[in-house]
Amino acid sequence: MPVPTEVVAIDGPSGAGKSTIAKAVAQRLGFRHLDTGAMYRAVTLRFLDEGCAPDPTGSDSASLSPRMQVALAGMQLELLPQGRVRLDGRDVTEALRTQDVESRVSAVAALSFVRAAMTRLQREVAAASPIVAEGRDMTTVVFPKAQWKVFLTASAEERARRRCEDFKARGREVAFDTVLAEIQKRDLFDSSREDAPLRHDASAMLVDSTSMTTEQVVQRILDLVRGAQQASRA
Ligand code: DC
């Protein structure tokens, strides 16, 4: 197994602000940012392109599994600087955020063969350079021995409010109740699946960002990292 270099592992539910925070922390530390949600989204897009994506509940996953395994084995995923993602030679960064991908990615992320492939890739990235890795199983499964572990959360209402603002900034009006229901559904799916469910591991520092600014959250994580770095030098 590749040996990870320095890893800041961040887990948390949908909409907790992990990407924004992880990106900022990575920039300040000079580490690479690894958005593992984007990797699961890229696999979902590949399955959609190949016509074998499971439905949002995953009820047809078993019958589609052989075709999905072929599609996964043949896919070329490149994680570029600045968080851009290339799939089979084309830049799919924006395509990863469509409703089609959004509605099916949880069912794809529940598949053990997909998780095994992504875990392997994530560890390879971590072996190459220091990273800030964010997702649902960074602290529990992929990097359980990471030097720094954080569980970042916020109330479902606050997460829905932030997501509505994001949509608005991109010119889309989506009703708060719709967004809240989607977030609650996603939370339940991600935390009740059998393989690598989202959970707060006691060894990860809990950060509830409901009434914190982005800068406060970033500082809290930087304090954790720098505190431990100083302690190890003492
Ligand atoms: O963080 P996100 O919304 O881009 O994640 C997309 C989906 O992928 C979400 O359903 C959770 C899943 N995911 C996962 O299961 N494990 C990860 N390490 C990252 C994301």
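If you're matching positions, the sequence shown starts at 4 in this note's numbering and goes up one per residue. In this text, a Cβ means the ideal position worked out from N, Cα and C, and glycines have one as well.
Every beta strand (DSSP E) stretch that sits fully inside the region 152-212 and reaches 3 residues is listed by chain position as 208-211. A Cβ-Cβ distance of about 19 Å is found for the pair V88 and I13, leaving them out of contact under the 8 Å criterion. Around the beta carbon of A76, fewer than 16 other beta carbons lie within 10 angstroms, which makes this residue exposed. Ranked by Cα distance from L80, the options Q125, E105, D204 are led by Q125.
With a cut-off of 6 Å, the C-beta of T8 is classified as distant from the ligand DC, since no heavy atom of the ligand falls inside that distance.
For D38, no alpha helix (DSSP H) encloses it; the enclosing beta strand (DSSP E) starts and ends at 35-38. Around A113, the same chain offers G61, S64, F192, R196, E197, D198 as residues with beta carbons nearer than 8 Å, after the five sequence neighbours per side are excluded. In the three-state reduction of the DSSP assignment, E218 falls in the helix class, which pools H, G and I. Burial check for L83: the Cβ neighbour count within 10 Å stays below 16, so the residue is exposed.
Non-local C-beta neighbours of A129 in its own chain, meaning closer than 6 Å and more than five positions away in sequence, comprise P7, V10, ordered along the chain. Rounded to the nearest angstrom, the gap between the Cα atoms of E137 and T213 is 18 Å. DSSP places V128 within a helical segment (H, G or I) once states are collapsed to three. Per DSSP, V135 is not a residue of any alpha helix (DSSP H); the beta strand (DSSP E) it occupies stretches across 134-138. When DSSP reads this structure, V145 sits in no beta bridge, so it has no partner. The bridge partners DSSP lists for I13 are E137, V153. If you draw a straight line from the Cα of A19 to the Cα of F116, it comes to about 27 Å. Between L99 and F154, the C-beta spacing is not below 7 Å. Membership of R89 in the beta strand (DSSP E) is indicated by the continuous run 88-90. With three or more CB-CB distances shorter than 8 Å, the region 105-112 counts as touching the region 41-61. Short note on T39: C-beta closer than 6 Å to some heavy atom of the ligand DC. For D94, the beta-bridge partners assigned by DSSP are R89. L32: member of the alpha helix (DSSP H) spanning 21-32, first to last residue. G138 has its Cβ nearer than 6 Å to a heavy atom of the ligand DC.
Excluding five sequence positions before and after S132, the CB atoms of its chain that fall closer than 7 Å to its own CB belong to T8, R35, given in chain order.
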